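Written out below as structure tokens is the structure these notes cover.
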Amino acid sequence: MAGTHSGRELIAEGPAIILVHPQLGENIGMVARAMANFGLSELRLVNPRDGWPSEKAKSAASRADHVIDNAKVYETTEEAIADLNFVYATTARDRYGYKPVRSPVVATETLRTRFKAGEATGILFGRERTGLTNEEIALADEIVTFPVNPAFASLNLAQAVLLMSYEWMKTGMESLEETAFHALPQQPATKEDLQGLFDHVEDALEARGYFRPIAKKPKLVDNLRAVLTRPAFTASEIRLVRGVISCLDRFTREAPRGAGAPVTSRQRSQEPKIEEPGDDS
201 MAGTHSGREL
211 IAEGPAIILV
221 HPQLGENIGM
231 VARAMANFGL
241 SELRLVNPRD
251 GWPSEKAKSA
261 ASRADHVIDN
271 AKVYETTEEA
281 IADLNFVYAT
291 TARDRYGYKP
301 VRSPVVATET
311 LRTRFKAGEA
321 TGILFGRERT
331 GLTNEEIALA
341 DEIVTFPVNP
351 AFASLNLAQA
361 VLLMSYEWMK
371 TGMESLEETA
381 FHALPQQPAT
391 KEDLQGLFDH
401 VEDALEARGY
411 FRPIAKKPKL
421 VDNLRAVLTR
431 PAFTASEIRL
441 VRGVISCLDR
451 FTREAPRGAG
461 APVTSRQRSQ
471 EPKIEEPGDD
481 S
């Protein structure tokens, strides 16, 4: 979905996203894009399999260059989290009794609270195929896991990062009804506007014999008015609908394409040919 806007303020804050032994540059790039979508910018890589930097990662990042260009590479997970105060480890596998397990909502609320307190935080994500080892999870403070279909629980790396990034951004919103942009203000239609529309529709339909048998006209008119008053029309929408009706008013059986419409070549070919006097051919 397109929506990148270089003129708007770039949000770049929050926990570090730490990828442990990521395998494909494309996956790293898609992670960077997911981070940028939801205001995260600090990407840390632990011994990426295909090396770093990666042109494939940059291409897949879809202009999230500020994330890719500032990514830091570490040899070990211990080094990657050494300067952090609090770390979550993500996993899809049961680790009962191993660490406190949180949902993404609770985890990101905790991260937001610690972020506001000035703490450095991070989220560990494991290998694409096997995830994090028990030893790597032991380095974290708590576990975060996603409520997914237990029969199909595997998420790809970018999906997992996107879900956590989205929940992180929600914790910084004043209201869950907040959106990135709003519809343009519109002037609601007045009752006079609506009455004019009703009359226009009724006159156009009556002229074409719609109300048959005539005894049913009152009920049909009531039904039409109920339909037309269901949406909250704006004044401009009323003008639009009436413009359509006015256009249709020019159509008759004799001129199905509207009065004044140009004659097509097909219509011209179907016209009877008038022979000129003296034409023996």
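So for the sequence shown, this note's numbering puts the first residue at 201; every next one is plus one. Quick reminder that beta carbons are idealized off the backbone N, C-alpha and C, glycines included. Note that this is a predicted model, so its numbers are computed, not measured.
Measuring CB to CB, does residue i end up less than 8 angstroms from residue j?
i, j, result
"PHE433", "LEU420", "no"
"SER365", "ALA234", "yes"
"THR371", "LEU332", "no"
"LEU363", "ALA340", "no"
"MET373", "GLY239", "no"
"ASN227", "ALA358", "yes"
"PRO300", "ILE343", "yes"
"ARG312", "ASN285", "no"
"VAL306", "ALA280", "no"
"ALA289", "GLU336", "yes"
"VAL287", "GLY322", "yes"
Work out the CA separation of residue j and residue i for me, nearest whole Å.
i, j, result
"ASP422", "SER446", "22 angstroms"
"THR345", "PRO253", "30 angstroms"
"LEU155", "ARG442", "Any answer about residue 155 is impossible in this case: the structure gives the chain only from 201 up to 481."
"LEU428", "GLN395", "10 angstroms"
"PRO248", "ARG327", "10 angstroms"
"SER259", "LEU243", "16 angstroms"
"ALA202", "VAL220", "Unreliable placement is indicated for ALA202, whose pLDDT of 46 sits below 50; the coordinate value is still reported in the next sentence. Taking the straight line from one Cα to the other gives about 30 angstroms."
"ALA404", "GLU213", "60 angstroms"
"SER241", "ASP250", "22 angstroms"
"LEU440", "GLU402", "17 angstroms"
"LEU424", "VAL444", "16 angstroms"
Compare the C-beta of residue i with all C-beta atoms of chain D and state if any pair is closer than 8 angstroms.
i, result
"SER365", "Structure shown: chain D not included; a single protein chain is present."
What do you reckon, is the C-beta of residue i under 7 angstroms from a heavy atom of the ligand PLP?
i, result
"CYS447", "Ligands in the displayed structure: none, and consequently the ligand PLP is not present."
What would DSSP say about residue i, mapped onto helix, strand or coil?
i, result
"ARG327", "strand"
"GLU242", "coil"
"PRO462", "Only weak support is given to the placement of PRO462: the predicted model assigns it a pLDDT of 46, under 50, and the question is left unresolved by the model."
"ALA216", "strand"
"VAL344", "strand"
"ARG263", "coil"
"ARG293", "coil"
Give me whichever residues DSSP pairs with residue i in a beta bridge.
i, result
"VAL287", "GLY322"
"PRO388", "THR434"
"VAL273", "LEU245"
"VAL301", "ILE343"
Exercise for review: Could you tell me whether the segment 262-270 touches the segment 385-396, using the rule of 3 or more Cβ pairs below 8 angstroms?
Suggested key: No, the segment 262-270 is not in contact with the segment 385-396.
Review point. Three or more beta-carbon pairs under 8 angstroms between the segment 265-276 and the segment 225-232, yes or no?
Key: A contact exists between the segment 265-276 and the segment 225-232.
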